[in-house]
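Written below as structure tokens is the structure these notes are about.
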Amino acid sequence: MVIPGRRRFFTDHRCEFVVHFELMIDLKNERLRDPVTSIVTLGELQSATMVSTVDTQTDYHKILSEYVEITQPSINSRSGGLPGSTLHIYYWTASREPTRKLSGEKLRAAKTEIDFLLEQGII
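Using the numbering used here, read the sequence shown as starting at 451 and increasing by one per residue.
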């Protein structure tokens, strides 16, 4: 795509043209600036409908997209959460105290949670 009055050829390949032509994006003033020619083009900020760090063109992504329930289980149904709520998963790799048995209320809560996960087919 050629923009009249501009010195360069622009493509629609994501933001590759910004990097290739060393353009400067000024979000505060909503502008795209060319430091070589000092040409400034006004723009407009819009909400992104999707931002992803995953390459959607791989074979693995295509397989996972066929089985959405694996990557997006419905665990919010019990808590009354909204679909799309954030789920935080933490992994600890540092050494810690040895495991010990749960007792009383903590044991009952753990059993209830495990039963729920089994009912949902998550585990």
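Heads up, the beta-carbon is just placed ideally off N, CA and C, and yes, glycines get one too.
Can you give me the C-alpha to C-alpha distance between K478 and I564, rounded to a whole angstrom?
Position 28 of the sequence shown, counted from the first residue, corresponds to residue 478. Position 114 of the sequence shown, counted from the first residue, corresponds to residue 564. Roughly 48 Å separates the two Cα atoms.
Apart from the five residues on each side of it in sequence, which residues of its chain come closer than 8 Å, Cβ to Cβ, to V504?
Within the sequence shown, residue 504 is the residue found at index 54, counting from 1. These residues qualify, in order along the chain: H511.
Name the residue from E480, P485, D509 and S488 whose alpha carbon lies nearest to the alpha carbon of L495.
Within the sequence shown, the letter at position 45 stands for residue 495. It is E480 whose Cα lies nearest to the Cα of L495.
Within a Cβ cutoff of 6 Å, which residues of the same chain sit near K556, ignoring the five residues on either side of it in sequence?
The residue given as residue 556 occupies position 106 in the sequence shown. Around K556: no qualifying Cβ.
At the level of alpha carbons, what is the spacing between T508 and S502?
As a working note, residue 508 is residue 58 in the sequence shown. As a working note, residue 502 is residue 52 in the sequence shown. For T508 and S502, the distance between alpha carbons rounds to 14 Å.
Return the bridge partner residues of T491 from the DSSP annotation.
Counting from 1 along the sequence shown, the entry for residue 491 is found at position 41. In the DSSP output, where bridge partners are listed per residue, T491 has L482.
Under DSSP, the alpha helix (DSSP H) around I475 begins and ends at which residues?
Taking the sequence shown and counting its residues from 1, the one referred to as residue 475 is at position 25. Counting along the chain, I475 sits inside no alpha helix (DSSP H); it lies in the beta strand (DSSP E) bounded by residues M474 to D476.
Between the alpha carbons of I572 and R483, how many angstroms are there, rounded?
For the purposes of this step, residue 572 is taken as the residue at position 122 of the sequence shown. For the purposes of this step, residue 483 is taken as the residue at position 33 of the sequence shown. Roughly 50 Å separates the two Cα atoms.
Return helix, strand or coil for I513, following the three-state DSSP convention.
What you label residue 513 is simply residue 63 of the sequence shown in a count that begins at 1. I513 falls in the helix class under three-state DSSP.
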